[in-house]
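Peer 1: Residues in the sequence shown are numbered from 483 upward in steps of one, following the numbering used here.
Glycine included, each C-beta is placed from N, C-alpha and C at the ideal position.
This is the structure I want to talk about, given as structure tokens.
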Amino acid sequence: MGRKKIYRILISMALGTVFLVTTGCSKSQSYSELLREEEKAVNWYLAGKNVALELPEDPKDLITMEMAGEEAPFYKMDVDGYVYMQVVKADFSEMVSEGDLVYFRFIRESIKDLYEGVPTVPTGNSDYLPNGTTSFIYKNTLLSSSTTWGTGIQNPLQYVGYDSEVNLVLKSYYGFTDEQSYCIPYIINLRYFKPEY
Numbered sequence: 483m484g485r486k487k488i489y490r491i492l493i494s495m496a497l498g499t500v501f502l503v504t505t506g507c508s509k510s511q512s513y514s515e516l517l518r519e520e521e522k523a524v525n526w527y528l529a530g531k532n533v534a535l536e537l538p539e540d541p542k543d544l545i546t547m548e549m550a551g552e553e554a555p556f557y558k559m560d561v562d563g564y565v566y567m568q569v570v571k572a573d574f575s576e577m578v579s580e581g582d583l584v585y586f587r588f589i590r591e592s593i594k595d596l597y598e599g600v601p602t603v604p605t606g607n608s609d610y611l612p613n614g615t616t617s618f619i620y621k622n623t624l625l626s627s628s629t630t631w632g633t634g635i636q637n638p639l640q641y642v643g644y645d646s647e648v649n650l651v652l653k654s655y656y657g658f659t660d661e662q663s664y665c666i667p668y669i670i671n672l673r674y675f676k677p678e679y
């Protein structure tokens, strides 16, 4: 094979690689674009819900018989609107303190998929027994077993205790740590349990 032919093959391969790389990059989205899509999906989801921008002073006012379940408002839990909480069942008999072990069960759906009309299959561990291996140490940010689930799922425990159930609209910033870069918001149902020793 002559040198000219080898150079042509190498140049063709290089141009093909450049074409593939630039084509692939043009289809990817920037992080800021993903965040904008996440915001749109959450706004769409909450548009049809009862939303309260302030939490009541007394946690026991979070839920009343007139506003149970689906009728209860989604309370904005932080200034930036990363977490919205709807109380399904509140138990105030035993509140959780910093350093306490909390078991939880959850089931979630992607709000982005719902927004885009993509068929969703809820995922989680809600069918398992109440005491299991899915847990965190409340307000502990040093243990990976606590931080892997993100901080958003711990926020309701400022207001409700063990044996409570909430629905959260949870943006990726406070979501599961290994998924934060995907910017996918979730509607997540959580139930909190006390460990049985």
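Exposed or buried, which one is Thr504 when buried takes at least 16 other CB atoms within 10 Å?
Peer 2: The residue labelled residue 504 in the question sits at position 22 within the sequence shown. Reliability fails at Thr504, whose pLDDT of 40 lies under 50, so the model's placement of it is uncertain and no value is given.
Peer 1: Less than 6 Å between C-beta atoms, sequence neighbours within five positions excluded: which residues of the same chain meet that for Asp573?
Peer 2: Along the sequence shown, read from residue 1 onward, the residue named residue 573 stands at position 91. Excluding residues within five positions, the ones whose Cβ falls inside 6 Å are Gly643, Asp645 and Ser646.
Peer 1: Using the Cα positions of Arg587 and Glu515, report the straight-line distance between them to the nearest angstrom.
Peer 2: Taking the first residue of the sequence shown as 1, we reach residue 587 at position 105. Taking the first residue of the sequence shown as 1, we reach residue 515 at position 33. In a straight line, the C-alpha of Arg587 is about 32 Å away from that of Glu515.
Peer 1: Using C-beta distances below 6 Å, list every residue in its chain close to Ser628, excluding the 5 sequence neighbours before and after it, in chain order.
Peer 2: Your numbering for residue 628 matches position 146 in the sequence shown. Once the five neighbours on either side are set aside, the close Cβ partners of Ser628 are Phe618, Ile619 and Asn622.
Peer 1: Nearest-angstrom Cα distance between Glu591 and Phe658?
Peer 2: As a working mapping, residue 591 is identified with position 109 in the sequence shown. As a working mapping, residue 658 is identified with position 176 in the sequence shown. Between Glu591 and Phe658, the C-alpha separation is close to 13 Å.
Peer 1: With DSSP collapsed to three states, give me the class of Ile666.
Peer 2: Looking up residue 666 in the sequence shown gives position 184. Reduced to three states, the DSSP call for Ile666 is coil.
Peer 1: Can you tell me the Cβ-Cβ gap for Glu519 and Lys594, rounded? I've got them flagged as a contact below 8 Å.
Peer 2: As a position in the sequence shown, residue 519 is number 37, starting the count at 1. As a position in the sequence shown, residue 594 is number 112, starting the count at 1. Contact flag correct, Cβ pair sits at about 7 Å.
Peer 1: At what residues does the alpha helix (DSSP H) containing Glu591 begin and finish?
Peer 2: By one-based count along the sequence shown, residue 591 stands at place 109. No alpha helix (DSSP H) contains Glu591, which is instead part of the beta strand (DSSP E) from Leu583 to Ser592.
Peer 1: Cβ of Cys665 within 8 Å of Cβ of Leu517?
Peer 2: Residue 665 sits at position 183 when you count from the first residue of the sequence shown. Residue 517 sits at position 35 when you count from the first residue of the sequence shown. Going by C-beta atoms, Cys665 is nearer than 8 Å to Leu517.
Peer 1: Can you say whether Leu624 is buried or exposed, counting buried as having 16 or more other CB atoms within 10 angstroms of its CB?
Peer 2: The residue you call residue 624 lines up with position 142 of the sequence shown. It is exposed - the Cβ of Leu624 has fewer than 16 other Cβ atoms within 10 Å.
Peer 1: I'd like the span of the beta strand (DSSP E) that includes Ser617, first residue to last.
Peer 2: Position 135 of the sequence shown holds residue 617. Run containing Ser617: Ser617 to Ile619, per the beta strand (DSSP E) assignment.
Peer 1: Rounded to the nearest angstrom, what separates Pro677 and Ser510 at their Cα positions?
Peer 2: Stepping through the sequence shown from its first residue, residue 677 is reached at position 195. Stepping through the sequence shown from its first residue, residue 510 is reached at position 28. Cα-Cα distance, rounded: 44 Å.
Peer 1: From the DSSP output, in three-state form, read off Tyr674 for me.
Peer 2: In the sequence shown, counting from the first residue as 1, residue 674 sits at position 192. DSSP places Tyr674 in strand when its eight states are reduced to three.
Peer 1: When you compare only the Cα positions, how much space is there between Leu535 and Tyr557?
Peer 2: Stepping through the sequence shown from its first residue, residue 535 is reached at position 53. Stepping through the sequence shown from its first residue, residue 557 is reached at position 75. Within the model, the alpha-carbon separation for Leu535 versus Tyr557 is close to 6 Å.
Peer 1: Comparing alpha-carbon positions, which option in Ile670, Thr633, Tyr655 and Ser663 lies nearest Val648?
Peer 2: Residue 648 sits at position 166 when you count from the first residue of the sequence shown. When only C-alpha atoms are compared, the closest one is Ile670.
Peer 1: Quick check: what's the CA-CA separation for Lys653 versus Leu596?
Peer 2: Working through the sequence shown from its first residue, we reach residue 653 at position 171. Working through the sequence shown from its first residue, we reach residue 596 at position 114. Whole-angstrom Cα-Cα distance: 14 Å.
Peer 1: Would you report the Cα separation of Gln662 and Tyr668, rounded to the nearest angstrom?
Peer 2: Along the sequence shown, read from residue 1 onward, the residue named residue 662 stands at position 180. Along the sequence shown, read from residue 1 onward, the residue named residue 668 stands at position 186. For Gln662 and Tyr668, the distance between alpha carbons rounds to 11 Å.
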